[in-house]
Each structure stands twice: as structure tokens, then as C-alpha cells.
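In numbering that gives the first Met the number 0, the protein residues as written are 0 to 191.
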Amino acid sequence: MDDIDGHNNLILLCANCHAVVDAQPEAFPPDELHRIKHTHEERVAKQGTASIPNISLRGRGQPLSLRLVQSGDTLLSLLGRAFSWSYGTPDGLLPSQREVVGDFLQTCQDSSEAYGELGPRFHLEAGQQLQDGLSALRENELVVYAATRRLTLTGGHDAETPWPETVVEILHEREARADPTDAEQPLVHESG
């Protein structure tokens, strides 16, 4: 038998596919996974490096109007409809704030990755976990602003493909707005 951590026994999967495979061991026994890997490696070897497209995302340099997020369900909806997400954190975080921010961002990551694979029960639980995270951030004088920006994927098989990306910015409450509860005041985000 191959070394369990050896190249012949490893297969690279995105987090969503990894969750699907792990949740259905009867549909993906080791022999089937080895067959899938072998078929993929043969296809890639036949294509050679000349056929690898130069893929890029356009639009990240444009200003984006972010809104204060006060609901875990609202944030989950933004994360769940996007193909990717990015985040920003403020300078000068205290160690206790870093822990809260890390937990919150991990919940965002987990929710984003699993959103399309899991049903309503997960959505309700994830929305509550995000709400709890927002509350913990507020207790630590931090607030969250977010929005979805419309990027364009270029260089793939199609000429251009729309690519929604959610941007989540965590800010010190004192730096966000004079009135951080005013959700009608957008925050203009200038990122690259």
C-alpha cells in the first residue's frame, strides 16, 4: 500500500468538493478517487502547458460603496451569492480583538464555502453564528461593512464571465463613522 501521505494517495480538492466527498464515502471509495485522479492527470498531461489559459479578474481597483452589516443573515446572503470573498482588518488590534476577528473571519470562510452545498438548516445556523460574531465584534468596539463587487473573469474558455465577490471590512468603531449605527451612510472602499 502507498504511504497515506504520499503523492499517489493525495488528491487536491476545493473545500466544497472535499466536503461532498467526505460526506459520501460510499459514492467515493478509494478506488474511485484514484480513478478520478488518474483520469485527470492523463487529461492534463495530454493538454500540455501550452493550453493553460491566462486567467485574471478585472475590477478590483474600482471604488466600492460598503454598507454597515448588522445582521448575520444579511452577511450570509452576501457571502453565499459570491464566487469569492476578500476581507480587511484594521491596524492596532488588541490580542483579545484579534481572537474575535479571527473567529469571525473563519465563520465567514466556512459559511462561504459550504453555502451552496447545504440546505436551509445550515443557512439558519450559519446566519446565527455570523450574528453572534457581529455581536462579539461590537462588544470589542469593532464593526463590519460589506458589499458585493462585480468583477469580470477573463482569459478562460468564455471571453468574459461575471464574477461576484463579497468584500468584508472590519473597522474600529471609532474610525468607521460618527454614528456607526447609520446603515444608510455608505463607506467608500478603495482597494486594489
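Here a beta-carbon is modelled for each residue, glycine too, at the ideal position from N, C-alpha and C.
Next item on the list: Please list the segments of the beta strand (DSSP E) lying wholly inside the segment 17–59, counting only runs of 3 or more residues, in order along the chain.
Entry: 55–57
Next item on the list: Measure the alpha-carbon distance for Glu-112 versus Glu-41 and round it to whole angstroms.
Entry: 28 Å
Next item on the list: Please determine, among Gly-87, Gly-118, Gln-96, the residue with the shortest C-alpha to C-alpha distance to Arg-137.
Entry: Gln-96
Check: What's the C-alpha gap between Thr-38 and His-17?
Finding: 18 Å
Next item on the list: Ignoring anything shorter than 4 residues or poking outside the segment 64–124, list the alpha helix (DSSP H) runs there in chain order.
Entry: 71–80, 94–113
Check: If you run the structure through DSSP and keep just helix, strand and coil, what is Ala-135?
Finding: helix
Check: Should Trp-162 be listed as close to the ligand HEM, given that the test is whether its C-beta is under 7 Å from any heavy atom?
Finding: Questions concerning the ligand HEM fall outside what the structure shown contains, since it holds no ligand whatsoever.
Note to self: For the structure I just gave you, are there three or more beta carbon pairs, one from the segment 117–128 and one from the segment 53–66, closer than 8 Å?
What the structure shows: no
Margin query: Quick check: the segment 145–165 against the segment 126–133, are at least 3 beta-carbon pairs closer than 8 Å?
Written below: no
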